[in-house]
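A.B. asks: First the structure, which I've put down as structure tokens, then a few questions once you've had a look.
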Ligand code: M6R
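Residue numbers (the numbering used here): 292 to 894.
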């Protein structure tokens with residue numbers, strides 16, 4: 292999704308903006324641009340495509356000590372150079388970058404700007420014309436004109452605004468879209484996420500919704516929309532620059548798949564004491580104990596991780612677990628139980644759909660927990676409690692280690708709650724030992740990459756569709772596995788409850804249709820094998836991924852046994868590798884699939 296970076300002070304702004312934009316690439320974008328103020332001259336450069344395309348357009352005259360940059364993920368208008376940000380007022384005095392969606396942009400255009408000419412189709416261009424109107428036509432100061440525009444604009448936004456006549460100031464405002472201030476010595480920055488600024492500073496300051504920030508090289512002034520000053524402490528981020536590199540890996544996704552055993556071991560050290568007891572915040576445990584129902588709200592892979600944890604959570608906490616698709620629940624919650632507890636699962640902690648639900652949950656006064664990989668993220672700040680996955684930055688759009696990390700984190704919570712409740716099931720579940728076995732099992736699967744590559748070459752290299760099936764926990768894994776294949780290899784793939792095939796979908800099976808069957812549960816594996824026969828006898832080509840305890844000699848991929856509660860973690864890894872191989876063998880950009888963004892910050 293769109294990314295913003297800005298800097299003012301004693302630094303080479305062009306370098307900082309370009310490096311920042313490169314760090315924001317992982318979020319997904321289709322065009323980019325920068326505006327740089329050099330005192331006696333200013334430059335605006337935009338390009339469709341990658342940051343390297345933008346870089347190739349920069350002349351040596353694009354220099355200065357202040358500027359704003361942007362990666363755009365098109366919402367209003369095609370991904371063209373004209374629609375790329377920064378956008379300018381008609382006389383090019385005011386320059387604006389924006390992340391989010393202005394819902395009333397048409398009304399603003401018709402009511403306030405009926406005679407303006409617009410170069411492109413974006414809502415952002417309307418916003419910068421509106422700001423300019425209040426300043427240039429109505430005689431307001433820049434700050435007041437910006438505030439007046441903010442009082443009219445509805446929707447989500449993170450804005451960074453510059454005035455070509457005042458190259459020493461950047462005006463910033465936010466509502467619902469992420470934005471962060473970076474503090475330096477003789478310079479200050481603004482950015483959509485810390486990663487783009489970590490090369491320059493590790494000192495950050497949050498901005499809350501409906502706050503405005505005036506950035507100078509030596510000062511940062513925060514105020515609300517009424518002009519009341521806001522005092523905000525800065526904090527030091529623990530990001531490690533080396534974690535952001537991909538080393539010798541061809542793609543981040545492969546690196547992140549390989550990191551999963553480390554993530555499992557990190558979580559053991561984070562959430563278990565050396566004696567095997569749980570190290571989970573007792574306040575969270577008590578809050579879950581009081582609940583009569585746990586609601587897990589999430590999107591995409593995080594939603595699938597919720598399903599991958601449901602059986603374990605219910606068994607260990609003895610509390611029913613209901614899943615909610617964030618993008619649906621934002622528009623209306625079902626009838627809730629009397630004492631609900633909400634868990635928001637989100638790698639980025641910024642997903643707008645999930646946040647929309649969290650805002651409602653907070654209005655209703657219900658307790659909530661965010662499980663996220665990003666400390667200080669919006670969902671983390673706004674929920675009652677946070678548990679961090681600590682998986683290290685996940686850069687590839689396709690989420691892998693966050694999925695397995697979320698399930699493992701939930702396992703610690705579930706065990707802690709179950710033990711606090713005195714439940715035998717929880718006391719007997721040796722999570723530290725079982726998760727260590729999972730880490731070993733993943734390592735064994737990771738050593739099968741060549742075999743998996745050969746399976747992909749044989750089965751998925753040219754197909755347009757595929758079917759993934761499983762029962763119970765394996766069905767939930769099939770949902771995630773199929774999402775992974777779809778998003779990075781563009782193969783239309785559905786994850787099915789194996790028993791559902793015969794109720795309709797089996798009519799799509801024809802000669803050589805690829806299918807993948809997941810088998811980990813002795814209670815149901817034979818039934819799924821029956822479905823495998825049904826597919827094979829109609830000409831489909833089936834790959835079987837089986838856990839040792841149910842495996843046959845002729846299964847294609849065998850996964851080491853792990854505790855049934857954690858089987859989703861172990862079973863998903865071969866399917867992550869299958870998705871990765873399919874995408875890379877097809878020559879696609881594995882880390883940046885088309886149309887997708889890493890942090891989905893618009894509704
Ligand atoms: O950051 P989140 O976990 O909240 O993101 C939710 C989804 O957008 C995300 O999981 C998406 O489905 C991934 N690209 C899937 O790999």
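Using N, Cα and C, we set each Cβ at its ideal position, and we do this for glycine too.
Which runs of the beta strand (DSSP E), 3 residues or longer, sit entirely within the segment 573-636?
C.D. replies: The segment 573-636 contains these whole beta strand (DSSP E) runs: 584-589, 612-616.
A.B. asks: Whose C-beta lies closer than 6 Å to the C-beta of residue 848 among residues of the same chain, with five residues either side of it excluded?
C.D. replies: Start at 1 with the first residue of the chain shown, and residue 848 comes out as number 557. Closer than 6 Å at the Cβ level, and outside the excluded window around residue 848, lie 836, 865.
A.B. asks: Residue 443 lies in the alpha helix (DSSP H); which residues open and close that run?
C.D. replies: The residue labelled residue 443 in the question sits at position 152 within the chain shown. Segment 433-443, the alpha helix (DSSP H) holding residue 443.
A.B. asks: Tell me the DSSP bridge mates of residue 323?
C.D. replies: Position 32 of the chain shown, counting from 1, holds the residue named residue 323. Per DSSP, 338, 362.
A.B. asks: Does the beta-carbon distance from residue 357 to residue 337 come in below 9 Å?
C.D. replies: Residue 357 sits at position 66 when you count from the first residue of the chain shown. Residue 337 sits at position 46 when you count from the first residue of the chain shown. No, Cβ-Cβ distance for residue 357 and residue 337 is not below 9 Å.
A.B. asks: At 4 residues or longer, and completely inside the segment 707-745: list those alpha helix (DSSP H) runs for me, N to C.
C.D. replies: Runs of the alpha helix (DSSP H) inside the segment 707-745: 715-719, 722-737.
A.B. asks: Assign residue 659 to one of three DSSP states: helix, strand, or coil.
C.D. replies: Position 368 of the chain shown, counted from the start, is the residue given in the question as residue 659. Correct three-state label for residue 659: strand.
A.B. asks: May I have the straight-line CA-CA distance separating residue 499 from residue 590, to the nearest angstrom?
C.D. replies: In the chain shown, residue 499 corresponds to position 208, counting from 1. In the chain shown, residue 590 corresponds to position 299, counting from 1. Rounded to the nearest angstrom, the two C-alpha atoms are 23 Å apart.
A.B. asks: Could you check whether the Cβ of residue 688 sits closer than 8 Å to any heavy atom belonging to the ligand M6R?
C.D. replies: Here residue 688 corresponds to residue number 397 of the chain shown, with the count starting at 1. Checking the Cβ of residue 688 against the ligand M6R gives yes.
A.B. asks: Which ranges does the beta strand (DSSP E) cover as unbroken runs of at least 3 residues, wholly within the segment 800-887, from first to last along the chain?
C.D. replies: Segments of the beta strand (DSSP E) lying fully in the segment 800-887: 805-810, 832-838, 848-850.
A.B. asks: In this structure, how does DSSP classify residue 390 when only helix, strand and coil are distinguished?
C.D. replies: The count along the chain shown starts at 1 and reaches residue 390 at position 99. Residue state, collapsed to three classes: strand.
A.B. asks: Exposed or buried, which one is residue 724 when buried takes at least 16 other CB atoms within 10 Å?
C.D. replies: For the purposes of this step, residue 724 is taken as the residue at position 433 of the chain shown. Looking at its Cβ environment, which holds fewer than 16 other Cβ atoms inside 10 Å, residue 724 is exposed.
A.B. asks: Using 8 Å as the cut-off, classify the Cβ of residue 776 as near or not near the heavy atoms of the ligand M6R, replying yes or no.
C.D. replies: In the chain shown, counting from the first residue as 1, residue 776 sits at position 485. It does not: the Cβ of residue 776 is nowhere closer than 8 Å to a heavy atom of the ligand M6R.
A.B. asks: Does DSSP classify residue 891 as helix, strand or coil?
C.D. replies: For the purposes of this step, residue 891 is taken as residue 600 along the chain shown, with counting starting at 1. Coil.
A.B. asks: According to DSSP, what are the bridge partners of residue 466?
C.D. replies: Residue mapping note: residue 466 aligns to position 175 of the chain shown, counting from 1. Paired residues: 448.
A.B. asks: Any heavy atom of the ligand M6R closer than 8 Å to the CB of residue 809?
C.D. replies: If you number the chain shown from 1, residue 809 lands on position 518. Not so, every heavy atom of the ligand M6R lies at least 8 Å from the Cβ.
A.B. asks: Once the 5 residues before and after residue 686 are set aside, which same chain residues still bring their CB inside 8 Å of it?
C.D. replies: Within the chain shown, numbered from 1, the residue matching residue 686 stands at position 395. So the qualifying residues of the chain are 317, 535, 537, 543, 547, 882, 889.
A.B. asks: Please indicate yes or no: does the CB of residue 648 lie closer than 8 Å to some heavy atom of the ligand MN?
C.D. replies: Summarising the ligand content, the structure contains the ligand M6R and does not contain the ligand MN.
A.B. asks: For residue 857, does the count of other Cβ atoms within 10 angstroms reach 16, so buried, or fall short, so exposed?
C.D. replies: Counting from one through the chain shown, the residue named residue 857 turns up at place 566. Residue 857 should be labelled buried.
A.B. asks: Give a single yes or no on whether residue 889 has its beta carbon closer than 8 Å to a heavy atom of the ligand M6R.
C.D. replies: In the chain shown, counting from the first residue as 1, residue 889 sits at position 598. Residue 889: yes, Cβ under 8 Å from the ligand M6R.
A.B. asks: For residue 755, collect the residues of the same chain with a Cβ closer than 7 Å to its Cβ; drop the 5 residues on either side in sequence, then sort them by chain order.
C.D. replies: Taking the chain shown and counting its residues from 1, the one referred to as residue 755 is at position 464. Counting only Cβ-Cβ distances below 7 Å, and skipping sequence neighbours, we find 782, 783.
A.B. asks: To the nearest angstrom, report how far apart residue 823 and residue 694 are at their CA atoms.
C.D. replies: What you label residue 823 is simply residue 532 of the chain shown in a count that begins at 1. What you label residue 694 is simply residue 403 of the chain shown in a count that begins at 1. Using only the alpha carbons, I get a separation of about 27 Å.
A.B. asks: Where residue 422 and residue 379 are concerned, what is the direct C-alpha to C-alpha distance, given to the nearest angstrom?
C.D. replies: Indexing the chain shown from 1 puts residue 422 at position 131. Indexing the chain shown from 1 puts residue 379 at position 88. Their backbone Cα atoms lie some 10 Å apart in a straight line.
A.B. asks: Within the chosen definition, does the segment 463-471 reach the segment 447-454 through at least 3 CB pairs nearer than 8 Å?
C.D. replies: Yes, since at least three Cβ pairs between the segment 463-471 and the segment 447-454 fall closer than 8 Å, the two stretches touch.
A.B. asks: Round the Cβ separation of residue 750 and residue 832 to the nearest angstrom and send it over; I've been treating them as touching at under 8 Å.
C.D. replies: Here residue 750 corresponds to residue number 459 of the chain shown, with the count starting at 1. Here residue 832 corresponds to residue number 541 of the chain shown, with the count starting at 1. So it is a contact: roughly 6 Å between Cβ atoms.
A.B. asks: Applying the criterion that 16 or more other CB atoms from any shown protein chain within 10 Å of the CB defines a buried residue, is residue 709 buried or exposed?
C.D. replies: Here residue 709 refers to the residue found at position 418 of the chain shown. Classification of residue 709: buried, given that the 10 Å Cβ count is 16 or more.
A.B. asks: To the nearest whole angstrom, what separates the beta carbons of residue 436 and residue 557, a pair I think is in contact under 8 Å?
C.D. replies: Taking the chain shown and counting its residues from 1, one reaches residue 436 at position 145. Taking the chain shown and counting its residues from 1, one reaches residue 557 at position 266. With a Cβ gap of about 49 Å, residue 436 and residue 557 do not count as contacting.
A.B. asks: Taking only heavy atoms of the ligand M6R into account, decide whether any of them is closer than 8 Å to the Cβ of residue 859.
C.D. replies: Translated into the one-based positions of the chain shown, residue 859 becomes position 568. No - the ligand M6R has no heavy atom lying nearer than 8 Å to the Cβ of residue 859.
A.B. asks: Give me, in chain order, the residues of the same chain whose beta-carbon lies closer than 8 Å to that of residue 712; leave out the 5 immediate sequence neighbours on both sides.
C.D. replies: Position 421 of the chain shown, counted from the first residue, corresponds to residue 712. Contacts found: 580, 608, 609.
A.B. asks: What are the boundary residues of the beta strand (DSSP E) that residue 307 is part of?
C.D. replies: For this step, residue 307 is matched to residue 16 along the chain shown. First-last for residue 307: 304-315, but that is the alpha helix (DSSP H), not the beta strand (DSSP E).
A.B. asks: Between which two residues does the beta strand (DSSP E) containing residue 502 stretch?
C.D. replies: Translated into the one-based positions of the chain shown, residue 502 becomes position 211. Start and end: 502-506.
A.B. asks: My guess is that residue 772 and residue 851 are in contact by the Cβ rule of under 8 Å, so how many angstroms apart are they, rounded?
C.D. replies: Within the chain shown, residue 772 is the residue found at index 481, counting from 1. Within the chain shown, residue 851 is the residue found at index 560, counting from 1. At roughly 18 Å, the Cβ-Cβ gap does not stay under 8 Å, so residue 772 and residue 851 are not in contact.
A.B. asks: Taking 8 Å as the cut-off, does the CB of residue 674 come closer than this to any heavy atom belonging to the ligand M6R?
C.D. replies: Looking up residue 674 in the chain shown gives position 383. Answer for residue 674: no, Cβ out of range of the ligand M6R.
A.B. asks: In this structure, what does DSSP give as the bridge partners for residue 396?
C.D. replies: Indexing the chain shown from 1 puts residue 396 at position 105. Per DSSP, none; premise fails for residue 396.
A.B. asks: Evaluate residue 267 with the Cβ neighbour count: other Cβ atoms within 10 Å of its Cβ, from every protein chain shown; 16 or more gives buried, anything less gives exposed.
C.D. replies: Nothing in the structure corresponds to residue 267, since the chain is present only between 292 and 894.
A.B. asks: Decide if residue 539 is buried, meaning its Cβ has at least 16 other Cβ atoms within 10 Å, or exposed.
C.D. replies: As a working mapping, residue 539 is identified with position 248 in the chain shown. Exposed, because fewer than 16 other Cβ atoms sit within 10 Å of the Cβ of residue 539.
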